[in-house]
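Notes follow once the structure below has been shown.
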Amino acid sequence: MEDKDLLALLRSAIERGDIELLLNIRRQYHVDSPLYRVSDSSLIVYAMMIVVAAATYFLGWLAGLAALAVMAVIYMVAVRRMVAKRMRRRLLTEVLADPEDFRKAWRLKGIGFRHVPTGTLCESPDGLWRGFIIEACKADGAATQPTT
0 MEDKDLLALL RSAIERGDIE LLLNIRRQYH VDSPLYRVSD SSLIVYAMMI
50 VVAAATYFLG WLAGLAALAV MAVIYMVAVR RMVAKRMRRR LLTEVLADPE
100 DFRKAWRLKG IGFRHVPTGT LCESPDGLWR GFIIEACKAD GAATQPTT
């Protein structure tokens, strides 16, 4: 079975809820990760820098420091959550459809799969994802076939 077929099985198992996707976003913030794009947050950060600079210029350094503190909180709460959501969506829609991108992401830490019925874990980069998918789908196929 080829990697593309295995990833299709994995996507269908995730959609059915048989396999849970575990993603540690902090481990995937890497230049080589196909999940992370600098452009996801850079425009927002640039806009925040302009707000801080404008507050400092027009209202003084105390207002600039206050604006900096507010922008830091907004970044930590909202922007990081938005980037994490984009990375998760990118994994489900793009990376799991392209074996080469999936292999790149799997070499980094932070991706894992949990077979919901058995609780079996497979985590990158040490986990053998091909065997995990075959075993998980075989177990699901055996469980869904009628017995006589």
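Letter by letter, the sequence shown follows residues 0 to 147 of numbering that gives the first Met the number 0. C-beta atoms are modelled at their ideal positions from N, C-alpha and C, and glycine is treated no differently.
1. Using the rule of at least 16 other Cβ atoms within 10 Å of the residue's Cβ for burial, across every protein chain shown, is Arg89 buried or exposed?
2. Which same chain residues end up closer than 6 Å to Ala83 when comparing Cβ atoms and leaving out the 5 residues on each side of it in sequence?
3. Below 8 Å on the Cβ atoms is my contact criterion, and I expect Arg10 with Leu95 to pass it. Report the Cβ-Cβ distance as a whole number of Å.
4. What's the C-alpha gap between Glu1 and Leu34?
5. Looking only at its chain, what residues have a beta carbon closer than 8 Å to the beta carbon of Ala104, apart from the 5 residues adjacent to it on each side?
6. Taking C-beta to C-beta, are Arg80 and Glu19 nearer than 8 Å?
7. Do Arg87 and Asp39 come within 8 Å of each other at the CB atom, strictly closer than that value?
8. Starting from Leu42, follow the alpha helix (DSSP H) in both directions and report where the run begins and ends.
9. Going by C-alpha distance, which of Tyr45, Tyr56, Cys121 is nearest Val78?
10. For Phe101 versus Leu21, is the C-beta spacing smaller than 8 Å?
Concretely, from the data shown:
1. buried
2. Ile24
3. 5 Å
4. 22 Å
5. Gln27, Ser32, Pro33, Leu34, Leu90, Val94, Ile110, Ser123
6. no
7. no
8. 38-58
9. Tyr45
10. no
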